[in-house]
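Engineer:
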Amino acid sequence: MSTTFQLDTSTSRANPTPAPMKRLTVPKIRLRKQDGVTAEPLVMLTAYTARQAQLLDAHCDMLLVGDSLAQVIYGLPSTIPVTLEMMANHGAAVVRGSYHSVVIIDMPFGSYEASKEQAFESASYLLKQTGAAAVKLEGGEAMAETVEFLNKRGIPVMGHVGLTPQAVNVLGGYMARGRSDNEADKIVADAKALDDAGAFAVVVEGVVEPIAIEVTKAISCPTIGIGASAQCDGQVLVTEDMLGMFDRVPRFVKKYEDIAGMIENTVKTYADEVRERSFPGPDQTYQPKK
Ligand code: KIV
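Note that our numbering has the sequence shown beginning at 32, numbered continuously upward.
(1) Suppose the cutoff is 8 Å on Cβ atoms and the five residues either side in sequence are ignored; what does the same chain contact list for M273 look like?
(2) Should D92 and V133 be called a contact, given that it needs their Cβ atoms to be closer than 8 Å?
(3) Could you check where the beta strand (DSSP E) with D137 kicks off and where it finishes?
(4) Looking at the strands, I want to know which residues DSSP matches up with Q65.
(5) Quick check: what's the CA-CA separation for L95 versus F151?
(6) How about the region 145-164 and the region 100-109: do they share at least three Cβ pairs that are nearer than 8 Å?
(7) Spatial neighbours of I242 within its chain, please: CB distance less than 6 Å, with the 5 preceding and 5 following residues excluded, ordered by chain position.
(8) So which of V280, I250, E295, M206 has the shortest CA-CA distance to T270?
(9) Specify the secondary structure class of E288 as computed by DSSP and reduced to three states.
(10) Closer than 8 Å is the cut-off here; do at least three beta carbon pairs connect the region 219-231 with the region 161-176?
(11) Can you name, in chain order, every residue of its own chain whose Cβ lies under 6 Å from the Cβ of A291, other than the five neighbours on each side?
(12) Counting only the same chain and skipping the five closest in sequence on each side, list residues whose C-beta sits under 8 Å from that of L202.
(13) Considering only heavy atoms of the ligand KIV, does any lie closer than 7 Å to the CB of D227?
(14) Count the other C-beta atoms from every protein chain shown that fall within 10 angstroms of the C-beta of G122, then say buried if there are 16 or more, exposed otherwise.
(15) Is any non-hydrogen atom of the ligand KIV found closer than 7 Å to the C-beta of E71, if you look at the structure I gave you?
(16) DSSP on M323, reduced to helix/strand/coil?
(17) Across which residues does DSSP place G265 in a beta bridge pair?
(18) Sorted by chain position, which residues of the same chain lie with C-beta nearer than 7 Å to A249's C-beta, five sequence neighbours on each side aside?
(19) Once you ignore the five residues that flank Q315 on each side, which residues in its own chain have a CB closer than 8 Å to its CB?
(20) Going by CA-CA distance only, name the one from E295, Q262, K321, A232 that's closest to R61.
(21) Taking the alpha carbon of A163 as the reference point, which residue from D278, N213, I135, A78 has its own alpha carbon closest?
(22) Run through the DSSP bridge pairs and tell me what L95 is partnered with.
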């Protein structure tokens, strides 16, 4: 039995404050698109830690524990080296830090492609270890049978088509997809196959806008765009990218803040105060009781 659901609330400053909100469910997310229309677009962001989840939770419909944690948290060059254990540890933290959003965990490269049975082993491990509601996997037609297998056995799946970063060695880079007719047709066919297989939503990443719109019209479940189109049924970004943690971000990222600049200024102030011995001051030191 996993103990990862438990948080020592007496000692942790990451103790989540239960909000008076009921957690959304996968069926509710799926039903936000009805007869091809999503009246209120779905909001998704990545989260990797409990504190980050606490801050994002109330504003999002879904939190994605993305395998982008490879680059964002671990400084790895791609998502290829990510392990199930990494996803389970961060997934459990995000579930502990959230009360409202549906938490979805990325299946890492090598944990699901070999067979549908391997995918079930890996996905069930992730759900047991974390308490998350669903998994996400990359690939279209080639993964449709696996998506159906998981879905029929109690594991909701979010698909991911277009620019699929785990396939970087096949694609040859992270450039936008769907510029040729062949590529465009394949993206639409991939999304349709996932939809038919029972995916509850499909991420459409790094795809030229007309194809993202075509996919959104062609499938019954919601599309979640990233580098795609505002016409998708929802949007996702890597949280650190949109907060401005990194200098280099993909072209499709809008930087809403300059968090890196704020951290650098704050740390400089701290370092100056330590060096001039003005920190800690009277408010931060203990004196003997008189
Ligand atoms: O890993 C990730 O963060 C993702 C999103 C960018 C969709 O897959």
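All C-beta atoms in this analysis are idealised placements derived from N, C-alpha and C, irrespective of residue type, glycine included. Fair warning: this is a prediction, and the values are worked out from it, not measured in the lab.
Structural biologist: Let me spell this out:
(1) As a first step, residue 273 must be located in the sequence shown, where it is residue number 242. Hits under 8 Å: L76, V284, K285, K286, Y287, E288.
(2) As a first step, residue 92 must be located in the sequence shown, where it is residue number 61. As a first step, residue 133 must be located in the sequence shown, where it is residue number 102. Cβ distance < 8 Å, so D92 and V133 count as in contact.
(3) Within the sequence shown, numbered from 1, the residue matching residue 137 stands at position 106. Taken as a continuous stretch (DSSP letters only), the beta strand (DSSP E) holding D137 covers 133-137.
(4) Taking the sequence shown and counting its residues from 1, the one referred to as residue 65 is at position 34. According to DSSP, which records beta bridges pairwise, Q65 is partnered with V68.
(5) Working through the sequence shown from its first residue, we reach residue 95 at position 64. Working through the sequence shown from its first residue, we reach residue 151 at position 120. Using only the alpha carbons, I get a separation of about 19 Å.
(6) no
(7) As a position in the sequence shown, residue 242 is number 211, starting the count at 1. So the qualifying residues of the chain are G209, A215, I218.
(8) Translated into positions along the sequence shown, residue 270 becomes position 239. Taking only the C-alpha atoms, the option nearest T270 is V280.
(9) Walking along the sequence shown from the start, residue 288 turns up at place 257. If DSSP states are grouped into helix, strand and coil, E288 belongs with coil.
(10) yes
(11) Position 260 of the sequence shown, counting from 1, holds the residue named residue 291. The answer, listed in chain order, is G275, M276.
(12) Numbered from 1 along the sequence shown, position 171 holds the residue referred to as residue 202. The residues are L194, T195, R208.
(13) Taking the sequence shown and counting its residues from 1, one reaches residue 227 at position 196. Exclusion of D227 from the 7 Å shell around the ligand KIV follows from its C-beta lying no nearer than that to any non-hydrogen atom of the ligand.
(14) On the sequence shown, residue 122 is found 91 positions in, with the first residue counted as 1. Flag for G122 reads buried.
(15) As a position in the sequence shown, residue 71 is number 40, starting the count at 1. No, since every heavy atom of the ligand KIV falls outside the 7 Å radius drawn around the Cβ of E71.
(16) Residue numbering for the chain in the displayed model covers 32 to 321; residue 323 lies beyond these limits and cannot be assessed.
(17) Locating residue 265 in the sequence shown gives position 234, counting from the first residue. Paired residues: L73, I255.
(18) The sequence position of residue 249 within the sequence shown is 218, counting from 1. Here the set comprises V219, A222, K223.
(19) Your numbering for residue 315 matches position 284 in the sequence shown. If we look at Q315 and ignore the five residues flanking it on each side, it has no Cβ neighbours.
(20) For this step, residue 61 is matched to residue 30 along the sequence shown. Checked all of E295, Q262, K321, A232; the closest Cα to R61 is A232.
(21) Locating residue 163 in the sequence shown gives position 132, counting from the first residue. The residue with the shortest Cα to Cα distance from A163 is I135.
(22) For the purposes of this step, residue 95 is identified with residue 64 of the sequence shown, where counting begins at 1. Partner(s): T77, I135.
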